[in-house]
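In this note's numbering, the protein residues as written are 16 to 466.
Where is the CB? At the ideal position from N, CA and C, for every residue including glycine.
The structure appears below as structure tokens.
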């Protein structure tokens, strides 16, 4: 197996621009070694600066450690260092000659599962760590369920601390088999199991001499080679309007532009578009990108769109191609992960934020809650508590143009907010987000709605 260790020379701008980008998140239970893995990954790939390493060495010596504690490279909060746990999502940016990376190191403690949802929401890949001594536990199942719920296309099972179980192949094989069966039932499309020791560096960047029975890739090699598609140009084109630009200056007396970041697809000058939820149609007369007119713009670009007709468009509206417009609805059914300490109950009045639009809403029903042990669905629990995953039916005060989360991770997602203090209550994914579990048949009567 070839080594993937990086040269010490920094990559040039030309080299960086020629590489692809992978967003990935790490997850796992407390003390499974996530921060150590991230630190080892950064250290062995030579992606940290000398002064950063010196600071870690100094902090480690102050704590009476003979060797650098690589977990300190990501655990930056004082409380994290004192307790030896990760509390907040730590983002790190690094690159090799083959790929650029944005890494989200997420907490493992149950009460911080909400942060794992944040870190994995935009990830192309999730690394789920398991302590080889403990195997698959409830928090491991929860992280697998969250990855499946968020439709993360690639999952890596990193069986860590193999040095503490004598590098036994049978231990790794049993854990890999159990996790793969569980994640496959959730509908995770691709699972790769890698035995590692983050502390010793086995199979993180360099192949392990202690596990000659393993012939697969190292963690970094897999991260560098896993296929990732960022071509969203052919997806349903969507532009949430963030701001209306009207300078009303002598130079631009009649300029009216609608600014926002393209969530998916491609928009072109001359294209017929519909403004949702109003349903009014018009034509794109111009697109400004970085202050210059362009003929077309695509996913993730921040643009200002000019329309041929003077129609009412404001923040929260959605521009879509007229031939590919989503239906608007006031009844939203979704799979959600509840992240707040306060329970979500039937009848709960909330704010629903979808894209740049926020509307009043009420929880109409909670048809089911997912049981992590056997993936069964408990019907009509009446409420969801912190870290619960379940199905909800929501009625909004105004119609929303929502896509299925399976079709678009950007415009198929929303959050529920407490209107009294602005606290995020729940992260939601429209439609059937899980591929495997069967929906619960709802035999209760629909009493209608009063909006």
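Per-residue burial, residue i [other beta carbons within 10 Å of its own, 16 or more giving buried]
i           : result
residue 236 : buried
residue 35  : exposed
residue 185 : exposed
residue 91  : Low local confidence applies: a pLDDT of 49 at residue 91 is under 50, so the model's placement there is unreliable, and no value is given.
residue 285 : exposed
residue 363 : buried
residue 217 : buried
residue 370 : buried
residue 153 : exposed
residue 469 : One cannot answer for residue 469 here, as it falls past the ends of the chain, which runs 16 to 466.
residue 300 : exposed
residue 435 : exposed
residue 157 : buried
residue 406 : buried
residue 130 : buried
residue 224 : exposed
residue 287 : exposed
Given residue i as reference, the closest of the options once Cα atoms are compared
i           : options               : result
residue 366 : 433, 315 and 115      : 433
residue 326 : 211, 164, 271 and 373 : 271
residue 171 : 143, 180, 333 and 184 : 143
residue 418 : 291, 215 and 181      : 291
residue 357 : 402, 343 and 375      : 402
residue 137 : 230, 165, 115 and 347 : 165
residue 347 : 306, 286 and 428      : 428
residue 328 : 259, 108, 53 and 355  : 259
residue 239 : 37, 157, 443 and 442  : 37
residue 355 : 289, 187, 443 and 115 : 443
residue 228 : 181, 409 and 335      : 181
residue 304 : 372, 161 and 276      : 276
residue 105 : 77, 111 and 54        : 54
Separation of residue j from residue i, as counted between CA atoms
i           : j           : result
residue 151 : residue 330 : 45 Å
residue 438 : residue 265 : 43 Å
residue 317 : residue 333 : 14 Å
residue 404 : residue 431 : 14 Å
residue 202 : residue 190 : 18 Å
residue 446 : residue 421 : 7 Å
residue 5   : residue 411 : The structure shown does not extend to residue 5, since the chain is modelled only from 16 through 466, so no value can be given for it.
residue 209 : residue 273 : 47 Å
residue 268 : residue 345 : 38 Å
residue 120 : residue 48  : 11 Å
residue 99  : residue 387 : Unreliable positioning characterises residue 99 in this predicted model, as indicated by a pLDDT of 45, which lies under 50. A coordinate reading is not provided.
residue 323 : residue 395 : 50 Å
residue 391 : residue 380 : 19 Å
residue 95  : residue 155 : For residue 95, the pLDDT reaches just 41, beneath the cut-off of 50, and the residue's location in the model is therefore unreliable, although a value from the coordinates is still provided. About 21 Å.
residue 46  : residue 339 : 48 Å
residue 377 : residue 294 : 24 Å
residue 360 : residue 385 : 16 Å
residue 163 : residue 289 : 33 Å
residue 50  : residue 43  : 10 Å
residue 368 : residue 309 : 31 Å
residue 199 : residue 160 : 10 Å
residue 298 : residue 167 : 35 Å
residue 179 : residue 196 : 25 Å
residue 349 : residue 399 : 14 Å
6 Å Cβ shell around residue i - same chain, five flanking residues per side excluded
i           : result
residue 169 : 140, 205 and 241
residue 283 : 311
residue 107 : 118
residue 15  : Since the first and last residues shown for the chain are 16 and 466, residue 15 lies out of range.
residue 114 : 34, 35, 37 and 239
Contact set for residue i: own chain, Cβ-Cβ below 8 Å, skip 5 residues either direction
i           : result
residue 279 : 247, 250, 251, 252, 253, 314, 423, 425 and 426
residue 193 : 150 and 151
residue 262 : 270
residue 257 : 274, 275, 276, 330 and 371
Contact set for residue i: own chain, Cβ-Cβ below 7 Å, skip 5 residues either direction
i           : result
residue 176 : 48, 146, 147, 148 and 212
residue 343 : 291, 292, 414, 415 and 416
residue 255 : 275, 278, 333, 370 and 371
- prompt: Which ranges would you report for the alpha helix (DSSP H) in the region 198–278 if only whole runs of at least 4 residues count?
  reply: 234–240
query: Going along the chain, which unbroken runs of the beta strand (DSSP E) with 3 or more residues stay wholly within the region 359–405?
result: 364–369, 372–385 and 392–394
task: Could you tell me which uninterrupted alpha helix (DSSP H) segments, each at least 4 residues in length, are contained entirely in the region 286–365, listed from first to last along the chain?
output: none
- prompt: Which runs of the alpha helix (DSSP H) fall wholly inside the region 118–204 and span at least 4 residues, in chain order?
  reply: 128–135, 153–164 and 184–201
- request: Can you check the region 410–435 for any beta strand (DSSP E) of at least 3 residues that lies completely inside it and give the ranges in chain order?
  value: Counting whole runs of 3 or more residues, the region 410–435 contains the beta strand (DSSP E) stretches 428–432.
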